[in-house]
Structures are given as structure tokens and as C-alpha cells.
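Engineer:
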Amino acid sequence: SKMLDNPASKIIISPAEGSMLKGDLNRAAPEELPSIIKRAANKMIAELSITEPAIIDYVHRYEAELLARLKSALQHDTLSKLVITTAVSNTPEMTFDPGKKMDNHRFRLLVQRVLNCTEPSEKAGIIMTNITSVTDFIDILKADCLFDDEYLTLFEQLGDLEISVLLRIVFCEELRAAGSLEDAVAGLSKGYIDWKDQLIMFLQNISPYRLKTIAALIESQESGQ
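Take the sequence shown: its letters are residues 3 to 227, numbered as in our numbering.
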């Protein structure tokens with residue numbers, strides 16, 4: 003919101019402002035993005051009169067994560083997943099549709115297409131464009147068509163709502179035993195199959211603030227059942 007020179011207390015922007023922000027960022031050179039983020043962070047700190055060194059340090063440390071997510075969102079045209087905009091519905095938009103599972107033939111073709119691709123970001127784009135169900139998403143993770151950091155590149159394309167749905171399925175028992183997402187993530191250790199280990203690595207490297215957002219989404223889904 004501060005990138006649009008809105009008040010720091012305004013965390014939700016209109017769809018029109020979202021389009022304006024997208025246009026401004028797309029017109030900016032890639033090397034300008036770090037300074038754009040830093041300027042917005044400094045304005046927010048000043049406007050909210052933040053003086054606590056630990057909080058200021060946290061804000062500045064989050065800049066690197068935001069930069070990576072922003073670059074990825076601009077590359078894959080998924081900025082709408084990164085910003086909060088007003089909408090007619092109060093329900094966040096989600097890519098996964100439980101009623102749209104891919105047939106076996108189409109799925110095999112998709113796996114082969116991903117295998118034939120060598121660029122991690124392109125692989126992630128192919129998957130995010132074609133996968134519409136969480137079941138298919140998990141199946142593609144199990145299909146051995148991604149390797150090492152390619153999993154992380156894919157996970158970075160997911161919005162918080164998609165991650166919350168995925169975690170409720172993949173780490174159902176761990177969530178139930180731990181009682182909270184934060185405790186569950188802290189207690190996870192590698193030793194699963196490769197894609198699960200990569201998911202654990204991804205979860206343990208996202209910001210505490212984002213983890214709390216995902217935890218709130220999981221809680222709202224469970225209370226709505």
C-alpha cells in the first residue's frame with residue numbers, strides 16, 4: 003500500500019489501485035525494485051512512528067523476502083496473490099478447485115511437458131497454469147518431474163490460501179498433534195520423501211507474519227466445516 007503512497011494504516015487497496023501498482027512495477031527496471039521496497043518500508047516506519055530497533059530490523063530483513071516474492075509475482079503475472087484488494091466477495095480467491103481433477107491422459111501429458119522443460123520458473127508456470135485441484139497438485143509433486151530447488155520455485159507461486167489447503171492435507175496429523183501451525187512447522191524435520199522435505203524447507207524459511215496469516219486461514223477453514 004505504501005508503494006502507492008497510501009497511508010501506512012491502509013493495508014487493503016482497491017482493484018483499481020492494484021492495477022495501478024501492477025503497471026508501475028512492470029514499468030520499473032528490475033534493478034529498481036529493491037530501492038522501491040526500501041523506500042516504502044522507510045516511509046511506513048516513519049509514518050507509524052516505529053522506534054523499537056527489533057521491529058525496524060524485522061521490517062528491513064523482510065525486504066529481501068518481499069523482493070523475491072515480488073519478482074516472482076511479476077514474472078508469472080500473479081501479483082493479485084501478493085496484495086490484498088477489496089472485492090465483492092469476502093472469500094479469498096483460490097486457484098485450487100476440488101471439483102476439477104485432471105483425467106489421466108491429460109495429467110500424463112502435463113508431466114511429460116514439465117519434464118521436457120529445463121527452466122525452473124517455466125516449470126512452475128506450466129504447473130500453475132494447468133493444475134486446478136489440490137489433488138492434482140499433490141500428484142504432480144509425487145510425479146518425479148521436479149528436482150531440488152525447482153520445488154521451492156513452485157511453492158513460491160502459491161498464495162497463502164493454497165498453502166493452507168495443501169498443509170491441511172499433507173501435514174494433517176502433524177497439525178493435529180502440535181495444536182498450531184507455528185509449533186507444527188517448528189517441529190518438522192527432514193526425512194520424508196524429497197518433495198515433502200522441500201515443502202518443510204519452504205515453510206521454515208517464510209516470515210513469521212506470513213505463517214500467522216496461513217495459520218488463520220487454516221483455522222477459518224476448520225471452523226467452517
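All C-beta atoms in this analysis are idealised placements derived from N, C-alpha and C, irrespective of residue type, glycine included. This one's a predicted model, so the numbers in the text were calculated from it and none came from an experiment.
Short of 6 Å in beta carbon distance, which residues of its chain neighbour T215, apart from the five on each side in sequence? Order them along the chain.
Structural biologist: By 1-based counting over the sequence shown, the position of residue 215 is 213. Hits under 6 Å: D162.
Engineer: Does the distance from the C-beta atom of A145 to that of V113 stay below 7 Å?
Structural biologist: Residue 145 sits at position 143 when you count from the first residue of the sequence shown. Residue 113 sits at position 111 when you count from the first residue of the sequence shown. Yes, these two residues count as a Cβ contact at 7 Å.
Engineer: When DSSP labels each residue in this structure, what does Q206 get in the three-state scheme?
Structural biologist: Counting from one through the sequence shown, the residue named residue 206 turns up at place 204. Of the three classes helix, strand and coil, the one that applies to Q206 here is coil, per DSSP.
Engineer: Note down the Cα distance separating V187 from K198, rounded to an integer number of angstroms.
Structural biologist: To locate residue 187, count along the sequence shown from 1; it is residue 185. To locate residue 198, count along the sequence shown from 1; it is residue 196. Going by the C-alpha atoms only, they are around 12 Å apart.
Engineer: Quick test of your reading: L76 and N28, contact by CB under 8 Å. State the CB separation rounded to the nearest angstrom.
Structural biologist: Position 74 of the sequence shown holds residue 76. Position 26 of the sequence shown holds residue 28. Indeed, because the Cβ distance is near 6 Å, the residues count as touching under 8 Å.
Engineer: Report yes if the C-beta distance between Y64 and S209 is below 7 Å; otherwise report no.
Structural biologist: Indexing the sequence shown from 1 puts residue 64 at position 62. Indexing the sequence shown from 1 puts residue 209 at position 207. Yes, Cβ-Cβ distance for Y64 and S209 is below 7 Å.
Engineer: Taking buried to mean at least 16 other C-beta atoms within 10 Å of its own C-beta, is C147 buried or exposed?
Structural biologist: Position 145 of the sequence shown, counting from 1, holds the residue named residue 147. With 16 or more other Cβ atoms within 10 Å, it is buried.
Engineer: Using three-state DSSP, classify E95 as helix, strand or coil.
Structural biologist: Working through the sequence shown from its first residue, we reach residue 95 at position 93. Any reading at E95 is ruled out, since the residue's pLDDT is 48, under 50, leaving its predicted position unreliable.
Engineer: So, with DSSP's three-state summary, where would you put D162?
Structural biologist: Taking the sequence shown and counting its residues from 1, one reaches residue 162 at position 160. It is helical.
Engineer: On the CB-based measure, 16 or more other CB atoms within 10 Å of its CB, does I171 come out buried or exposed?
Structural biologist: Here residue 171 corresponds to residue number 169 of the sequence shown, with the count starting at 1. Exposed is the call here.
Engineer: Considering only residues of the same chain and omitting the five flanking positions on each side of V116, which have a CB-CB separation below 6 Å?
Structural biologist: In the sequence shown, residue 116 corresponds to position 114, counting from 1. Excluding positions up to five away in sequence, the list reads K125, I128, C147.
Engineer: What residue ranges within the segment 109–149 form continuous beta strand (DSSP E) runs of no fewer than 3 residues, ordered along the chain?
Structural biologist: Segments of the beta strand (DSSP E) lying fully in the segment 109–149: there are none.
Engineer: Just the C-alpha distance for D219 and T53, rounded to the nearest angstrom, thanks.
Structural biologist: Position 217 of the sequence shown, counting from 1, holds the residue named residue 219. Position 51 of the sequence shown, counting from 1, holds the residue named residue 53. Residue 219 is actually Leu in this sequence, not Asp. Cα-Cα distance, rounded: 31 Å.
Engineer: Just to confirm my understanding: we take Q223, look at its own chain, exclude 5 residues before and 5 after, and list those with CB closer than 7 Å. What are they?
Structural biologist: Here residue 223 is taken as the residue at index 221 of the sequence shown, counted from 1. So the list reads S166, R170, once near-sequence residues are dropped.
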